[in-house]
Amino acid sequence: MRQKNAAKISIISNSLLVLFKIIAGILTGSVSIISEAIHSAIDLAAAIMAFFSIRQAQVPPDSQHPYGHGKIENLSAVAEALLIILAAVLIVIEAVEKIKTGVRLSMPGVAIAVMGVSVIVNFFVSRYLFKVSSETDSAALEADAKHLSADIYSSLAVLVALVLVALTGRQILDPIAAISISLLIFYEGIMITKKSIGSLLDKSLPEEELVLIKQILDSEKKYIKDYHELRTRKAGSERHIDLHLTVCANETIRKTHTTMDIIETDISKHLNNCKVVIHPEPCGNMTDVCPDECSWTKENGGQGRG
3 MRQKNAAKIS IISNSLLVLF KIIAGILTGS VSIISEAIHS AIDLAAAIMA FFSIRQAQVP
63 PDSQHPYGHG KIENLSAVAE ALLIILAAVL IVIEAVEKIK TGVRLSMPGV AIAVMGVSVI
123 VNFFVSRYLF KVSSETDSAA LEADAKHLSA DIYSSLAVLV ALVLVALTGR QILDPIAAIS
183 ISLLIFYEGI MITKKSIGSL LDKSLPEEEL VLIKQILDSE KKYIKDYHEL RTRKAGSERH
243 IDLHLTVCAN ETIRKTHTTM DIIETDISKH LNNCKVVIHP EPCGNMTDVC PDECSWTKEN
303 GGQGRG
């Protein structure tokens, strides 16, 4: 619910900013404001995609999608990033054309006021989106928050350029500011694409999260003999973790299951939205029977919990 509400706020704020920037761009003739209107329109499209992808990602697993629908958030983030890159290219084309044909700005006060409001609105909305995306691990909301953060810097660049135009009369600063904006937008789009594609290709969880998982497993050394084939990946906000656990062949299924439950619970306490799958294995091989007093049992003073 928090994710959906955050996405709705982003849609509303972006809709208003697009409207104000288009009006200001038409009234003033500023290519930098027009470029910002394009940027905000891309942000609006991204916010809409984020809203629908979050809703779809929360649909429970079904027979066709047994692992859930989490990756639709990553697909949405890739689409948003490609839109950002497209916006950057369009802004450069328009700015270069204005440099060639000349720029004539009017009503700079209106342009400055609109960009000032844009900076303030995007600052508060992006902070809120970052907060919610961090707490829910939403890839779509994180991408949306980064769009708005890029919009803050680009709006500041336009604001400074417009003030300088008003003070110095050098109107060429307006398309130059637009080109600077496009470079920032392009970089942001590349970074979002890189991160989202990594998740689509089942890239492992970050190193700090792997270290945490291994620490939890090591804390259970009194009750397990070993673990191996640890694999991790992320789909949207969901973390998928699976591993093989080696236990004493004499240990009961009930005791082994208790240990597995404790490991799953500990991992879920430290990492949000985890799906943990553990495959237990007896020591030796499937045909061997562990001696009643194997070395591991002696060292650990018994056969597991209980």
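Take any residue in the sequence shown, count from 1 to its spot, add 2: that is its number in the working numbering.
All residues carry an ideal CB built from backbone N, CA and C; glycine is no exception.
Quantities reported herein were computed from a predicted structural model and do not represent experimental measurements.
Q) Does the count of Cβ pairs from the region 26-46 and the region 196-204 closer than 8 Å reach three? A) Between the region 26-46 and the region 196-204 there are fewer than three inter-stretch CB-CB distances shorter than 8 Å, so the stretches are not counted as touching.
Q. Can you tell me whether Ser-171 is buried or exposed, with buried defined as 16 or more other CB within 10 angstroms of its CB?
A. First, the amino acid is wrong: residue 171 is Gly here, not Ser. Label assigned to Gly-171: exposed.
Q | Gly-104, buried or exposed, once every other Cβ within 10 Å from all chains shown has been counted against 16 | A | Exposed.
Q.
Buried or exposed, going by whether 16 or more other CB atoms sit within 10 Å of the CB of Leu-169?
A. In the assembly as shown, Leu-169 is an exposed residue. Its beta-carbon has fewer than 16 other beta-carbons within 10 Å.
(Q) Between the alpha carbons of Glu-266 and Ile-192, how many angstroms are there, rounded? (A) Rounded to the nearest angstrom, the gap between the Cα atoms of Glu-266 and Ile-192 is 36 Å.
(Q) What does DSSP give as the partner residue(s) for Pro-284 in the beta ladder? (A) Looking at the DSSP assignment, Pro-284 forms a beta bridge with Val-249.
(Q) Could you check whether Ala-113 and Ile-35 sit closer than 8 Å to each other, using their CB atoms as the reference points? (A) Pairing Ile-35 with Ala-113 gives a Cβ-Cβ distance under 8 Å.
Q) Can you list the alpha helix (DSSP H) stretches of 4 or more residues lying completely in the region 139-205, in chain order? A) Taken in chain order, the complete alpha helix (DSSP H) segments of 4 or more residues contained in the region 139-205 are 141-170, 175-202.
Q: Report whether the distance from the Cβ of Asp-204 to the nearest heavy atom of the ligand SAM is below 7 Å.
A: You won't find the ligand SAM in this model; it holds no ligand whatsoever.
Q) For Asp-244, which of Lys-236, Ala-90, Ser-17 has the nearest alpha-carbon? A) Out of Lys-236, Ala-90, Ser-17, Lys-236 has the C-alpha closest to the C-alpha of Asp-244.
(Q) Going by C-alpha to C-alpha distance, which of His-259, Ala-145, Lys-216 sits closest to His-230? (A) If we check each option's Cα against that of His-230, Lys-216 comes out closest.
Q) Under a Cβ-count criterion, where at least 16 other Cβ atoms within 10 Å of its own Cβ denotes burial, should Asn-124 be classed as buried or exposed? A) Its Cβ being crowded by 16 or more others within 10 Å, Asn-124 is buried.
Q) Just curious, the alpha helix (DSSP H) that Arg-256 is in, first and last residue? A) Note, Arg-256: alpha helix (DSSP H), 255-272.
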